[in-house]
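Sequential numbering from 216 applies to the first sequence in the numbering used here.
I have placed the structure first, in the form of structure tokens, so that the comments after it can refer back to it.
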Amino acid sequence: MIKALRGMKDLAFEESSRFTYIIDTATNIAKRYGYSYIETPILEETKLFKRSVGESSDIVGKEMYQFIDKGKNDVCMRPEGTAGVVRAFIQNRLDKRQNEKFKFYYHGAMFRYERPQKGRLREFHQFGCESFGEDLVYEDFIIIQMIGDIFKSLGIDYRLEINSLGCSKCMPQYRENLIKFLNECRDELCQDCNRRIDTNPIRVLDCKNKNCQSLLINSPKLIDNLCNSCSSDFNKLKELLDSANINYSVNSNLVRGLDYYNKTAFEFVSNSIGSQSAIAGGGRYDKLVEFLGGKSTPAVGFALGIERIMELVKMPNRKREGYYMGVMDSSNVDKLFPLAHKKRETSSVTIEYRAKKLKAHLKGADKINARYCVVIGEDEVKNKTVWVKDLEKREEYKLKMDEF
RNA sequence: GUAGGCGUAGUUCAGUUGGUAGAGCAUCUGUUUGUGGCACAGAGUGUCGCGGGUUCGAGUCCCGUCGCCUACCCCA
């Protein structure tokens, strides 16, 4: 038997309806916040991700679906969504329209070659938003509020953690201080952290190792070393969240996995889906557009992990909907087709081609959760009528075929 | 890549010290005339993941292999 590849899944029935429900809900809310849809290719030049996500990250270092295509291009399947959107933003010269704001939402498959586990697949799906051209911290707040709206609408409980990663003024200095601190306790830190000190020292901060965390209690904190601008933006953000009654906690060790973030960083976390608990993450990335060759443009964005959210979402109760049609004598099936076609202009219709007893038809209609069970039997043929039962109201009636 | 757990019917699982393969759910049919969800009765379905080995005999024991799940790492 041919099976789907490891870490790749089919979604059908109840699962696929949860999947589309999440996307529909997020889409509606994003539109209300002024976002419009952008579709970008799954396959991109490998360079794009190496430059944006960063070669020090595991995503680029060892998790990409990367290959040489038949035209000898070094390509890879996107491991995340932001880089492609930024590339499209620059390629379409939107960066040149400096006073305009652009807001895009997207959703689609992302690929990372990792060992699958709960909440982590090799092909997974994200819904995300990217806002370009706004450097005011208000936009950071509005984006967080929007994610809050999406989770509220989906009936999902979450914890919000925020941090500031500083900017090119305050980060380098902090980074040096941190490296100095880490080198002092190097021998006591775990192996992974020792590697990270050289590759990406900021990442040591969110090491899960308990021993490392206890050593880090005394590490210099970035939020204590922010420059004036970063610090006042961060305070403003907290103030806005407070006044909007959005609960959050400041996690000074919160680091984004991708290198392009600066200033505001946030993560929405759930306690009830196992180890992979981040259900949304994002922040500001003011340098990325310029870094990818565009004109300097501030930007903020986020992404939701759809599969992780699927574990949490409470679906609204499914209502009875549409028509089920059947006959009691096989010679009459043809009579259903024009009736069904007419109803399909506005409703969903399922036709049972096989003749059955009335009881079996009612069961069939019930099983597919139809609102109406429509049956043609002996009497109906004689009188040119159809028999209709409203399965919800439990009422039945007969209609002339032409009036149906 | 590492560690632990698990692979038996469509599905969830049971299967005692090795002795011809089981249950619930689902499906289909019936419970006398054309009335759903409930109840009752009946029916079908298996390369016991795959390959070796031990044995008169293996779902059960041993070895190998593949797959799935969870966790580490990393991240949404």
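Each residue gets a CB set at the ideal place from its N, CA and C atoms; glycine is no exception.
From a predicted model like this one, the values you see are computed outputs, not experimental measurements.
- Contact check for Ala495 against Ala518 passes: the beta carbons are separated by less than 8 angstroms.
- With respect to the 8 angstroms criterion, Cys291 and Thr255 are not classified as neighbours on the basis of their beta carbons.
- Residue state for Arg411 is assigned as helix, using DSSP reduced to three classes.
- Segment contact: the segment 531-541 against the segment 584-596, three or more CB-CB distances shorter than 8 angstroms; contact assigned.
- Excluding five sequence positions before and after Asn392, the CB atoms of its chain that fall closer than 6 angstroms to its own CB belong to Pro435, given in chain order.
- Here Gly520 is not near Gln332, since their CB atoms are 8 angstroms or more apart.
- For the pair Asp544 and Val596, the Cα-to-Cα distance works out to about 10 angstroms.
- The count of Cβ pairs closer than 8 angstroms, one atom from the segment 287-306 and one from the segment 223-242, stays below three, leaving the stretches out of contact.
- Distance between Glu610 and Gly334, taken at the CA atoms: about 46 angstroms.
- Counting every other CB atom within 10 Å of its CB across the protein chains shown gives Thr561 a total below 16, marking it as exposed.
- Judged by beta-carbon spacing, Ser267 lies within the 8 angstroms limit of Val301, meaning their Cβ atoms are closer than that value.
- If you look at Thr600, you'll find it in the beta strand (DSSP E) that goes 600-605.
- Contact between Leu527 and Ile371 is confirmed by a C-beta separation of about 5 angstroms, below the 8 angstroms threshold.
- Only residues of its own chain outside the window of five on either side were considered, and among them Ser346, Val515 have a CB closer than 7 angstroms to the CB of Glu354, listed in chain order.
- Going by DSSP, Tyr389 is part of the alpha helix (DSSP H) stretching over 386-399.
- Between Phe481 and Ile377, the beta carbon gap of about 5 angstroms places them in contact (Cβ cut-off 8 angstroms).
- Residue burial annotation: Tyr612 is exposed, with fewer than 16 other C-beta atoms found within 10 angstroms of its C-beta.
- Among the bridge pairs identified by DSSP, Gly343 is matched with Tyr321, Ala518.
- Bounds of the beta strand (DSSP E) holding Met292 are 289-292.
- Separation of Glu593 and Asp605 (C-alpha to C-alpha, rounded to the nearest whole angstrom) is 20 angstroms.
- Met530 sits exposed, since fewer than 16 C-beta atoms from the chains shown fall within 10 Å of its C-beta.
- The Cβ atoms of Tyr500 and Tyr463 lie no closer than 8 angstroms to each other.
- When the Cα atoms are used, Gly363 and Gln313 turn out to be separated by approximately 29 angstroms.
- Among the bridge pairs identified by DSSP, Ile566 is matched with Met540.
- Ranking Ile417, Arg411, Arg401 by CA distance to the CA of Tyr389 puts Ile417 first.
- Cβ atoms of Glu329 and Glu295 stay farther apart than 8 angstroms, at about 13 angstroms.
- By the C-beta density criterion, Thr297 is buried, having at least 16 other C-beta atoms within 10 angstroms.
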